[in-house]
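Numbering (my numbering), first residue to last: 68 to 360. Where is the CB? At the ideal position from N, CA and C, for every residue including glycine. Step one of this worksheet: look at the structure below.
What follows is the structure, given as structure tokens:
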């Protein structure tokens, strides 16, 4: 049992070509019943960034546990999932997310955030049969419309062997840095960051070989132009966006949504929230997700 997951949820795993993907689902009271496995499946996928994991959704998914079988996954290279030592590429995540969803008896509804949400759009363009609908928070390929997001560190520094590991250790493997990252970059209101959140991110960041996936993200190995894919999307999609999201600002979200009004059925701004409104203001995220589920 993961100490950071809600009561009644436990770990299970699905095998992928890059190793085992851990996910959290109903395993005990008050959720589990004889009909739990007959419920429609609802997948939650977290974003990228030092210390990321399924914990990101842990304040939200219990609200849906009576109506859905929850599968809140740790992506490969993150959380409790396998951490293969490799230079992670976009194809690694498109493949393993597809393998995970294939094992969930598609078509299914998927909730995802940030760069992962953008990858889900790409996957939905390639394989629409996997998806029933998408509910996405701040989806961005981080190079949308050919306009890359601003870097906090020069690429040359991040790409220097040994120095890249030092940067990761300083930036993601200590409590002060994790708290600062959450308060300054991910949340609109720093006071909403709790000790539990800091501990959960720190625990994930300190997993053996966790730096490989995180550095692939920092080096921009996983960036792409989402604007090239949104017009091709055919799966019904609702987008939620924190009004005070940094790096991927809400104006970007509105530009992306306008590329495909046929499939993007809703665009909702969430006031007083950053890029993780589902962790910062979960009660608002729950209400909006319920509206579109």
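Worksheet item: Start and end of the beta strand (DSSP E) containing residue 78?
Response: Reading the chain shown from its first residue, position 11 is the one you call residue 78. Looking at the DSSP string, the run of the beta strand (DSSP E) that includes residue 78 is 76-83.
Discussion item. Using the Cβ count rule (16 or more neighbours within 10 Å means buried), how would you classify residue 69?
Written reply: The residue given as residue 69 occupies position 2 in the chain shown. Buried is the call here.
Discussion item. Spatial neighbours of residue 260 within its chain, please: C-beta separation below 8 Å, excluding the five flanking residues on both sides.
Written reply: Your numbering for residue 260 matches position 193 in the chain shown. The beta carbon of residue 260 sits closer than 8 Å to the beta carbons of 246, 249, 250, 254 from its chain, once the five residues preceding and following it are set aside; these are given in chain order.
Discussion item. Between the alpha carbons of residue 362 and residue 168, how many angstroms are there, rounded?
Written reply: Not covered by the structure: residue 362. The range shown for the chain is 68 to 360.
Fill in: Helix, strand or coil at residue 90 [DSSP, three-state]
Residue 90 sits at position 23 when you count from the first residue of the chain shown. Strand, per DSSP.
Worksheet entry | Whole alpha helix (DSSP H) elements within the stretch 138-178, 4-residue minimum | Correct list: 157-169.
Worksheet item: How do the stretch 129-140 and the stretch 151-159 stand: do at least 3 beta-carbon pairs fall below 8 Å, yes or no?
Response: The stretch 129-140 is not in contact with the stretch 151-159.
Fill in: residue 198 - containing beta strand (DSSP E), residue span
Against the chain shown, residue 198 aligns to sequence position 131. Counting along the chain, residue 198 sits inside the beta strand (DSSP E) bounded by residues 198-204.
Item to complete: Return helix, strand or coil for residue 270, following the three-state DSSP convention.
Response: To locate residue 270, count along the chain shown from 1; it is residue 203. In the three-state scheme derived from DSSP, where H, G and I count as helix and E and B as strand, residue 270 is classed as helix.
Worksheet item: Residues in its own chain within less than 7 Å of residue 218 by CB, not counting five upstream and five downstream?
Response: Walking along the chain shown from the start, residue 218 turns up at place 151. With a pLDDT of 49 at residue 218, under the threshold of 50, the modelled position of that residue is not reliable, and the figure given next carries that caveat. Beyond the five residues adjoining it in sequence on each side, residue 218 comes within less than 7 Å, by CB distance, of no other residue in the same chain.
Worksheet item: In chain order, what residues of the same chain have a beta carbon less than 7 Å from the beta carbon of residue 324, not counting five sequence neighbours either side?
Response: As a position in the chain shown, residue 324 is number 257, starting the count at 1. Exclusion of the five residues before and after residue 324 leaves 306, 331, 334 as the residues of its chain whose Cβ lies within less than 7 Å of its Cβ.
Fill in: Proximity of residue 121 and residue 91 at Cβ, strictly below 7 Å
Numbered from 1 along the chain shown, position 54 holds the residue referred to as residue 121. Numbered from 1 along the chain shown, position 24 holds the residue referred to as residue 91. Going by C-beta atoms, residue 121 is nearer than 7 Å to residue 91.
Worksheet entry | Bridge partners - residue 105, DSSP secondary structure assignment | Residue mapping note: residue 105 aligns to position 38 of the chain shown, counting from 1. In the DSSP output, where bridge partners are listed per residue, residue 105 has none listed.
Discussion item. Give me the residue from 189, 95, 134, 357 with the minimum Cα distance to residue 289.
Written reply: Working through the chain shown from its first residue, we reach residue 289 at position 222. Among 189, 95, 134, 357, the Cα nearest to that of residue 289 is on 189.
Fill in: Residue nearest to residue 359 in terms of C-alpha spacing, selected from 163, 84, 303
For this step, residue 359 is matched to residue 292 along the chain shown. Ranking the options by Cα distance to residue 359, first place goes to 303.
Worksheet item: Beta carbon of residue 309, beta carbon of residue 337: below 7 Å?
Response: Numbered from its first residue, the chain shown carries residue 309 at position 242. Numbered from its first residue, the chain shown carries residue 337 at position 270. Contact annotation: residue 309 and residue 337 have beta-carbon atoms nearer than 7 Å.
Practice prompt. Measure from the alpha carbon of residue 365 to the alpha carbon of each residue in 117, 137, 96, 116, then state which is nearest.
Written response: This structure does not reach residue 365, given that the chain is present from 68 up to 360, and the question cannot be answered.
Practice prompt. Please classify residue 280: does DSSP put it in a helix, a strand, or coil?
Written response: If you number the chain shown from 1, residue 280 lands on position 213. Residue 280 sits in a helix when the DSSP states are folded into three classes.
Worksheet item: How about residue 118 and residue 272: do their beta carbons lie closer than 7 Å?
Response: For the purposes of this step, residue 118 is taken as residue 51 along the chain shown, with counting starting at 1. For the purposes of this step, residue 272 is taken as residue 205 along the chain shown, with counting starting at 1. Less than 7 Å separates the beta-carbon of residue 118 from that of residue 272.
Fill in: Beta-carbon proximity list for residue 72, same chain, < 6 Å, skipping 5 on both sides
For the purposes of this step, residue 72 is taken as residue 5 along the chain shown, with counting starting at 1. Cβ-Cβ distances below 6 Å link residue 72 to 91, 125 in the same chain, with the five nearest sequence neighbours on each side left out; the list follows chain order.
Worksheet item: Which two residues bound the contiguous alpha helix (DSSP H) that contains residue 183?
Response: Residue mapping note: residue 183 aligns to position 116 of the chain shown, counting from 1. For residue 183, the enclosing alpha helix (DSSP H) begins and ends at 181-193.
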